[in-house]
Amino acid sequence: MAAVCAAAALLLAGCGTTAQSGTDAAAASEAEKLRSALPTTTPTPEPTAPVSAPPQPTALAKNPIYRVGKLAASECEEPAVPATSLANVRSYYSQYVACLDEVWAPAIRKAGFTFVPPKLAVVLGQSPSSPCDFDDGQAYYCGDTIYMDAETDITAYKEDPDWARAWMALLIGHEYGHHVQALTGILEAKYQRGLHLNGVDLQLEENRRLELQASCFSAVYLGADREYFPADDEWLDVWDEVVAATEDPERDHGSAPNHVRWTNAGFNAAGPGACNTYNAASSLVG
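Heads up: the sequence shown runs through residues -21 to -1, 1 to 265, numbered per mature numbering (1 follows the signal peptide of the UniProt record, and there is no 0).
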């Protein structure tokens, strides 16, 4: 199996914090890597018909994970750890991942896959080093490991603790969503499909399907555990602000309206069946 990696360069606008520090470069870097991997062609003088994508493979459009139903609550509360130091951020993410494991493990097994918990690496003030060789970015998933840089979280927490907590919950859930994709064969199938897609636009759309699904999976956990977390109205108001503040100038992660659409779908359904971005129309993953 080829090594498959995914980055979460969720860009934020109008949030009034520095929580978007470093993510602009991450999005640009990922999109540039995507473009540079594509074959170049010489334009023809005659207009050509738009290139259409081949049908989505079963592993993407009809994956068994979509049929497991609503996830059972872990009964975990939000980690009561202020993001004031590397040790605290590491503790927050470690506790959060343990709760994600508890919710997702039964679903992964029910879908017929083997569950293996992800590893977690949290550093401070640098892009985490990994075999995927990403040079920038606050967070990404590579192999079986979630890599996080705590610096943005600590800075954001000083300015707006509530906003920072909602951002951290979204981000770690998103990266864990990539782990779910890896365990269920979605990441590998997306990688293999990308080898046969002709054109930057199709490649970017395929990447948006992957990233929007990861955010949907992030919200599925909160929806399943909303009573215990607790994701009350006040907390959800901030969460909604964070979700809606995303930008996608490189067109590889999804527009703010579609990011809102898929995260809301995951939260309300509390099950991964709501996250099948691979059967969605192109307009819903723009």
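Yeah, the Cβ is synthetic: ideal placement off N, Cα and C, and Gly gets one too.
{"Item": "Residue environment, Q105, which counts as buried when at least 16 other CB atoms sit within 10 Å", "Value": "exposed"}
{"Item": "Coarse secondary structure for Y119, derived from DSSP in three states", "Value": "strand"}
{"Item": "Alpha-carbon spacing of residue 268 relative to R46, whole angstroms", "Value": "The structure shown does not extend to residue 268, since the chain is modelled only from -21 to 265, so the question has no answer here."}
{"Item": "From A249, A198, A253 and N177, residue whose alpha carbon lies closest to that of A32", "Value": "N177"}
{"Item": "Closest residue to T37 among A168, V102, K98 and A148 (Cα-Cα distance)", "Value": "A168"}
{"Item": "Residues that DSSP places opposite Y136 in a beta bridge", "Value": "None, per the DSSP bridge assignment."}
{"Item": "Three-way DSSP call (helix, strand, coil) for L99 in this model", "Value": "strand"}
{"Item": "Residue from H158, G265, A260 and W241 whose Cα sits closest to the Cα of L183", "Value": "G265"}
{"Item": "Unbroken alpha helix (DSSP H) run spanning T37, endpoints", "Value": "T37 to A40"}
{"Item": "In DSSP terms, what M127 is bridged to", "Value": "V101 and A118"}
{"Item": "Pick from G252, A235 and P96 that is closest to A161, judged by C-alpha positions", "Value": "P96"}
{"Item": "Exposed unless 16 or more other CB atoms sit within 10 angstroms - verdict on A253", "Value": "buried"}
{"Item": "Inter-stretch contact (C-beta, 8 Å, three-pair minimum) for the region 53 to 64 and the region 72 to 80", "Value": "yes"}
{"Item": "Straight-line gap, V199 to V217 (C-alpha atoms, nearest Å)", "Value": "17 Å"}
{"Item": "Beta-carbon spacing of H238, T225 below 9 Å", "Value": "yes"}
{"Item": "Residue from H158, F92 and E138 whose Cα sits closest to the Cα of Y119", "Value": "H158"}
{"Item": "Straight-line Cα distance separating T63 from K137", "Value": "8 Å"}
{"Item": "Segment limits, alpha helix (DSSP H) that includes K89", "Value": "L65 to K89"}
{"Item": "Contacts around residue 268, its chain only, beta-carbon distance under 6 Å, and the 5 residues preceding and following it disregarded", "Value": "Residue numbering for the chain in the displayed model covers -21 to 265; residue 268 lies beyond these limits and cannot be assessed."}
{"Item": "Residues near A90 by beta carbon distance below 8 Å, same chain, minus five either side", "Value": "N42, P43, I44, R46, V47 and T163"}
{"Item": "DSSP three-state assignment for N255, whether helix, strand or coil", "Value": "coil"}
{"Item": "T163: first and last residue of the uninterrupted alpha helix (DSSP H) it sits in", "Value": "Note, T163: premise wrong, no alpha helix (DSSP H); not H, not E."}
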